[in-house]
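**Student:** Structure below; questions to follow.
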Amino acid sequence: MSRYILRRLIQAIPVLLGATLLIYAIVFALPGDPIAALAGEKRMDPDIVDVLREQYHLNDPFLVQYWHYIVGLLGGDFGTTFAGVGVGDIMAGKFQVTINLAVTALVMEAVIGVGLGLYAALRHGGAGDSLILAATLVLISVPVLVTGFVLQLLLGVRLKQAGIDLFPVAGVSEGWRGYLLPGFVLAGTSIAYLTRLTRNSLVEIMRTDYIRTAVAKGLPRSRVVGRHALRNALIPLITYLGADLGALMGGAVITETIFNLPGIGQQLFSSVYLREQPVVVGIVTVLVLIYILANLVVDLLYAVLDPRIRYE
Amino acid sequence: MKKTSTPMVPAGRAPGGEPLLVVDDLHVEFTTRQGVVRAVNGVSYSLNPGETLAVLGESGSGKSVTAQAIMGILDTPPARVSRGEIRFRGTDLLRLPEEARSRIRGRRIAMIFQDALSALNPVFTVGFQIGEMFRVHRGASRRDAEKKAIELMDRVRIPGARQRVHDYPHQFSGGMRQRIMIAMSIALDPEVLIADEPTTALDVTVQAQIMELLAELRRESDMGLILITHDLGVVADVADRIAVMYGGRIVEKAPVHDIYRTPAHPYAKGLLDSVPRVDQKGQELFAIKGMPPNLLDMPSGCSFHPRCPYRQDDCVTDAPPLYEIGPTRASACHYWREVLDGSHG
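Listed below in structure tokens is the structure:
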């Protein structure tokens, strides 16, 4: 098992290198000069420009620049922005916000998605099932931009006007409550997918021979469903949730912008705009790393949940 | 020796000396998109304590549906018991509330399924699945349940039971898996055990071992055994009586030796004639002509008439009742005498 984990981690290295190289190249290829952008409209002293270009290795060829970056990264140094701020420091605070948001979304996804899916599966073919299927279809079809602004208006603004102050309109100044609305918006489509996944796999599992055996054993229905069926249904659900954690963090760009949350999504957006190459590459590198680790954890959980799977 | 008792169904002998289990004029239909399928059409049979009844028939003959109706594990809907009674020690199970019924299921009437690999839950250890019977029905502790599970695995002769109790179903061979299935079903000393094609998924040599185990377990208690199969070879040594089903009906009932010597229904005779025999090596195998009946569109009269070599005109119009042709025998054929004579010849 530990050999398997080690092998997976070693396999992650080329993935990480490839991803950073790709994003580094894309940012490199962006038109415009970051040093010139630093000064805005004013013209800069050519000597200062030369010093800065030298300091940031901007006169070196692309691969040499990338090499400098990777060497720094291996030492835990994400570099500094052209304004002289450490990228690691910028990211630390922002990632905290995004992780809070993603975890809020993930918990909502798990609770609401599995709950609705279970309900629909146990009444499959009935009115409640049809209603849930229709509702999830709507949720999947409507883009985040729409659900975000609509919920912000209805639950953030109108509800407050009606005297019920439950959901802050934007920002994180009011603590965890500020994450509820954006968390739901971010989780929206995933909740819908997870509901359908839960429903469909449970409906299928309830038709299997081993569920018939469980019924023939005289077990109460709660145990047949809650123990025998759900335990098997968990296998695809965990896979989906784990893979979704990465997607949620990456997908936070729009949600964070709508709800004005100071997370990495917002930072990524403004850094691309300001051509802050080290920040963009740094954020993407960490996101790739989280994605890889989340997938590894899912694969390991898989072996715990399904005894037929063993890793050598 | 029976420990459990449900207030609704008395333990011990039923009033009037009725058998342990009586299926009486059972009708089961399935509602499908194409129409109503009458899977079981007036099936009656009975089982005494310590007796083995073999129910023989091909796929779609209604033998498994009858068993599932006894267990109360039919999917309703689409299935529906439209008529009949299933009396267990004199009490009609079909009229019992679900709560009382679930106290019988698994405890007093248990069932073994065909393919143990798919019938066992892949994510739980075999010890958990056997021990669950004691934990749920007897409130045993986790540790006691495991001890009981090991005892049962020993009893169905799984080598190294103590070491293997924490293994998962996929780690066992087919024969061992079926033994685990059997251990689970006999855990609470049921009064009736239904084995639905228990050996179909197994190698021939393993089949014999499993049948021997079932026969032995039946001898050790006065459990009644219903053995559902399509394989004539399997039943000869273990069954006391045979009920042959065709198209949702019983077409012949007889003690096992009578039916092997002198079948009284053309279908039963056809089945026996199609068993390969060493003394007929080199000859073409006999096969019953035609296809099993379409349950959505049953033939008129006797449902076997399109395939029957004894067919007369009235077979097409009049469905034969189950004629009593002897003190222990019955045949649903207008021309059972001719079939019997043919068997002798």
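Just so you know, the sequences run in chain order A and B. Numbering-wise, our numbering comes out as the position in the first sequence, counting from 1, plus 19. Numbering-wise, our numbering comes out as the position in the second sequence, counting from 1, plus 218. Beta carbons: idealized from backbone N, C-alpha and C, even for Gly.
1. Should B/Ile435 and B/Ala413 be called a contact, given that it needs their Cβ atoms to be closer than 8 angstroms?
2. Quick one: what does DSSP say B/Phe306 is sitting in, helix, strand or coil?
3. With a CB to CB cut of under 8 angstroms and the five nearest residues on each side skipped, what residues in its chain are close to A/Leu150?
4. Would you report the Cα separation of B/Thr546 and B/Ser439, rounded to the nearest angstrom?
5. Return the CA-CA distance between B/Ala490 and B/Leu450, expressed in angstroms with no decimal places.
6. Determine whether the Cβ of A/His143 lies closer than 8 angstroms to any Cβ atom of chain C.
7. Any C-beta of chain A sitting closer than 8 angstroms to the C-beta of B/Phe331?
8. DSSP state of B/Ser264, grouped into three classes?
9. Since B/Ile428 meets chain A, which of its residues come closer than 9 angstroms, beta carbon to beta carbon?
10. Would you identify the three-state DSSP class for B/Asp532, choosing helix, strand or coil?
11. Name, please, each residue of chain B whose Cβ falls closer than 9 angstroms to the Cβ of A/Leu293.
12. Check whether the region 380-388 of chain B touches the region 324-331 of chain A, taking contact to mean three or more Cβ pairs, one atom from each stretch, closer than 8 angstroms.
13. Among B/Ser336, B/Val534, B/Asp310 and B/His355, whose alpha-carbon lies nearest the alpha-carbon of B/Pro517?
14. In the DSSP assignment, find the beta strand (DSSP E) that holds B/Leu239 and state where it starts and stops.
15. Near A/Tyr198, what residues of its chain come up, given a Cβ to Cβ distance below 6 angstroms and the 5 sequence neighbours on each side ignored?
16. List, in order along the chain, the chain A residues whose C-beta lies closer than 9 angstroms to that of B/Pro340?
17. So if DSSP puts B/Ala461 in a beta bridge, which residue, or which two residues, is it bridged to?
18. Per DSSP, B/Ile412 forms a beta bridge with which residues?
19. Which of the three DSSP states, helix, strand or coil, is assigned to A/Thr217?
20. Would you decide whether A/Ala313 is buried or exposed? Buried here means 16 or more other CB atoms lie within 10 Å of its CB.
21. What are the partner residues of A/Arg327, as DSSP defines its beta bridges?
22. In chain A, what lies closer than 8 angstroms to B/Ser336 by C-beta?
23. Pick from A/Leu137, A/Val34 and A/Gly261: whose alpha carbon is nearest that of A/Arg218?
24. Beta-carbon of A/Gly147 versus every beta-carbon of chain B: anything under 8 angstroms?
25. How should B/Lys507 be labelled, buried or exposed, when 16 other C-beta atoms within 10 angstroms of its C-beta is the threshold for buried?
26. Apply the 10 Å Cβ neighbour rule to B/Ser492 and answer buried if 16 or more other Cβ atoms are within range, or exposed otherwise.
27. Name the DSSP bridge partner or partners of B/Arg301?
28. Would you say B/Val261 faces chain A, with C-beta separation under 8 angstroms as the test?
29. Go ahead and pull the three-state DSSP assignment for B/Val258.
30. Would you grab the beta carbon distance between B/Glu303 and B/Asp310 for me? Rounded to a whole angstrom, and I think it's under 8 angstroms.
31. Please list the partners that B/Ser320 has in chain A, where partner means a Cβ-to-Cβ separation under 8 angstroms.
32. Which whole runs of the alpha helix (DSSP H) in the region 110-178 of chain A are 4 residues long or more, in chain order?
33. In chain A, which residues lie less than 8 angstroms from B/Glu350 when you measure between Cβ atoms?
34. Residues of chain B with CB under 9 angstroms from A/Arg218, in chain order?
35. Would you say the region 287-304 of chain B touches the region 202-215 of chain A, given that touching needs at least three Cβ pairs under 8 angstroms?
36. What are the complete alpha helix (DSSP H) segments, minimum 4 residues, inside the region 265-322 of chain A?
**Tutor:** Considering the structure as presented:
1. The residue asked about is misnamed: residue 435 of chain B is Leu in this sequence, not Ile. Contact: no.
2. strand
3. none
4. 25 angstroms
5. According to the sequence provided, residue 490 of chain B is Leu. The question's Ala does not apply to it. Distance between the alpha carbons of B/Leu490 and B/Leu450: 7 angstroms.
6. Among the protein chains in the structure shown, which are A and B, there is no chain C.
7. yes
8. strand
9. The contacting residues do not exist; B/Ile428 stays about 17 angstroms from chain A at best.
10. helix
11. Residues of chain B passing the Cβ test: none, with the nearest at roughly 51 angstroms.
12. yes
13. B/Val534
14. Leu239 to Thr250
15. Asn119, Leu120 and Thr123
16. Tyr229, Asn251, Asp325, Pro326 and Arg327
17. B/Val273 and B/Lys471
18. B/Met329 and B/Ile444
19. helix
20. buried
21. Beta-bridge pairing links A/Arg327 to no other residue.
22. Thr227, Asp228 and Tyr229
23. A/Leu137
24. no
25. exposed
26. exposed
27. B/His245
28. no
29. strand
30. 5 angstroms
31. Gly237 and Pro239
32. 133-141, 146-160 and 163-170
33. Lys236 and Leu238
34. None at all; the shortest Cβ gap to chain B is about 18 angstroms.
35. no
36. 271-277 and 283-293
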